[in-house]
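S.K.:
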Amino acid sequence: MRYRNESENVKNLAITIADFLSSQSACKFDPSFTRKLRIAVNCLEKVYSINLRDYLRMREFPSLPEIFQRASHPVPIKDKLQAEKCKIQGNALIQQGKYSMAEIEFTKAICLNEQNPVYYCNRADTRIKQGQYQKAAADCHRALSLDPQYSKAYARLGQAYFMMNLPAKAARCYRKALKIQPHNEIYLRILSHITQPTNGCGFEIFNPFLRLKRNIADLASNISPLRNAIGCSYRPLTKDSPHSKSRTILSLSESTD
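Residue numbers (full-length UniProt numbering): 1 to 257.
1) Among residues of its own chain, excluding the 5 on either side of Ser-100, which ones have a beta-carbon nearer than 8 Å to its beta-carbon?
2) How do the region 62-81 and the region 152-166 stand: do at least 3 beta-carbon pairs fall below 8 Å, yes or no?
3) Which class does Asp-257 belong to by DSSP, given the choice of helix, strand or coil?
4) For Leu-112, which residues of its own chain have a beta-carbon under 6 Å away from its beta-carbon, when the five flanking residues on both sides are left out?
5) Quick one: grab the DSSP three-state call for Leu-64.
6) Tell me which same chain residues have a C-beta within less than 6 Å of the C-beta of Tyr-48, skipping the five on either side of it?
7) Exposed or buried, what is Cys-86 when buried is set at 16 or more other beta-carbons lying within 10 Å of its beta-carbon?
8) Would you give the residue range spanned by the alpha helix (DSSP H) that Ala-83 belongs to?
9) Mind checking whether Tyr-133 and Met-163 have CB atoms under 8 Å apart?
10) Where Asn-116 and Leu-146 are concerned, what is the direct C-alpha to C-alpha distance, given to the nearest angstrom?
11) Buried or exposed, going by whether 16 or more other CB atoms sit within 10 Å of the CB of Asn-165?
12) Are the beta-carbon atoms of Leu-56 and Ile-50 separated by less than 8 Å?
13) Could you pull out every residue in the same chain whose Cβ sits closer than 6 Å to the Cβ of residue 270, ignoring the five residues on either side in sequence?
14) What's the call for Ser-42, buried or exposed, on a 16-neighbour Cβ count within 10 Å?
15) Looking at Ile-128: is its Cβ nearer than 8 Å to the Cβ of Pro-167?
16) Within 10 angstroms of its Cβ, does Ile-190 collect 16 or more other Cβ (buried), or is it exposed?
17) Decide if Ile-39 is buried, meaning its Cβ has at least 16 other Cβ atoms within 10 Å, or exposed.
18) Measuring only from the beta carbon, is Cys-173 closer than 7 Å to any heavy atom that is part of the ligand GTP?
19) In three-state DSSP terms, what is His-141?
20) What is the DSSP secondary structure of Ser-224, reduced to helix, strand or coil?
Following this line, the structure appears as structure tokens:
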């Protein structure tokens with residue numbers, strides 16, 4: 001297992017380098033320079049069996065310049081310690097239900113150490129509880145850019161999407177979280193709530209009809225005769241009509257780190 005992990009890390013590094021070199025070839029128009037870079041990229045692709053799918057997968061990871069920036073400008077120890085104090089205070093405020101104050105503490109932690117994904121994920125939790133779902137999603141994306149294997153950030157992102165009436169995206173996020181933690185019962189239960197049928201016809205909550213919000217009225221009227229004929233109930237999901245599952249999804253959320 002250890003050898004497998006090391007081999008995967010080496011390949012990921014090779015993909016990151018190849019991707020960086022490819023981007024450089026697009027920045028300069030010197031044919032000789034571009035040709036040499038292309039040779040280097042081809043060598044890496046052949047040696048490490050890199051394909052297009054590998055490049056797409058690595059889009060979720062930090063770029064090579066960003067990795068170098070973090071390594072060359074480490075966060076001072078005193079700032080890390082102070083940031084942890086802010087995080088602890090923020091977690092305590094969440095337990096007291098003081099979400100706006102907790103958000104402030106996590107923001108302080110981020111200002112002190114913007115390289116810690118936990119602070120963004122925790123702030124996302126406070127923002128979800130305050131109904132700031134788009135800001136919460138942005139925090140989750142930032143956390144995942146720092147740590148693509150952060151399962152809780154995927155789960156929080158799924159929460160935010162679900163509360164924004166985007167259950168298909170929410171389900172995908174929870175599936176990604178389950179790939180990292182396959183036996184997490186909270187993720188399994190939430191995914192079950194999101195994907196369970198909404199009526200006797202077996203429509204899932206993220207079926208294509210529900211995603212066509214602009215045409216929902218026309219769709220409902222078109223489906224009405226069919227619904228009466230086969231005895232199925234159809235309830236469109238809109239921002240103005242929150243569904244009963246929202247409270248369940250929020251109640252099953254994990255605590256902050």
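Just so it is clear, CB atoms sit at the ideal spot from N, CA and C, and this is done for glycine as well.
Quick caveat: nothing in here was measured; it's all calculated off a predicted structure.
M.R.: The relevant details are as follows:
1) Here the set comprises Thr-126, Gln-130.
2) Taking one beta carbon from each stretch, the region 62-81 and the region 152-166 have fewer than 3 pairs nearer than 8 Å; the two do not touch.
3) In the structure shown, Asp-257 sits in coil (DSSP, three-state: anything other than H, G, I, E or B).
4) Once the five neighbours on either side are set aside, the close Cβ partners of Leu-112 are Asp-79, Gln-82, Ala-83.
5) Helix.
6) Closer than 6 Å at Cβ, skipping near neighbours: Lys-11, Ala-14.
7) Taking a 10 Å sphere around the C-beta of Cys-86, we find 16 or more other C-beta atoms and assign the residue as buried.
8) Ala-83 -> alpha helix (DSSP H) spans 77-95.
9) The beta carbons of Tyr-133 and Met-163 sit closer together than 8 Å.
10) Taking the Cα positions, Asn-116 is about 7 Å away from Leu-146.
11) Classified as buried, Asn-165 has 16 or more neighbouring CB atoms from the shown chains inside 10 Å of its CB.
12) At a Cβ-Cβ threshold of 8 Å, Leu-56 and Ile-50 do not count as neighbours.
13) Not covered by the structure: residue 270. The range shown for the chain is 1 to 257.
14) The amino acid at residue 42 is misidentified as Ser; the sequence shows Asn. Looking at its Cβ environment, which holds fewer than 16 other Cβ atoms inside 10 Å, Asn-42 is exposed.
15) No; because the gap between Cβ atoms is not below 8 Å, this pair is not in contact.
16) Residue environment analysis places Ile-190 among the buried positions, since at least 16 neighbouring C-beta atoms fall within 10 angstroms of its C-beta.
17) The residue is exposed, with fewer than 16 neighbouring Cβ atoms inside 10 Å.
18) Looking at this structure, you won't find the ligand GTP or any other ligand, since it has none at all.
19) Here His-141 sits in helix by DSSP.
20) Note that Ser-224 scores a pLDDT of 44, beneath 50, so its modelled location is shaky; the value from the coordinates is reported in the next line. DSSP places Ser-224 within a helical segment (H, G or I) once states are collapsed to three.
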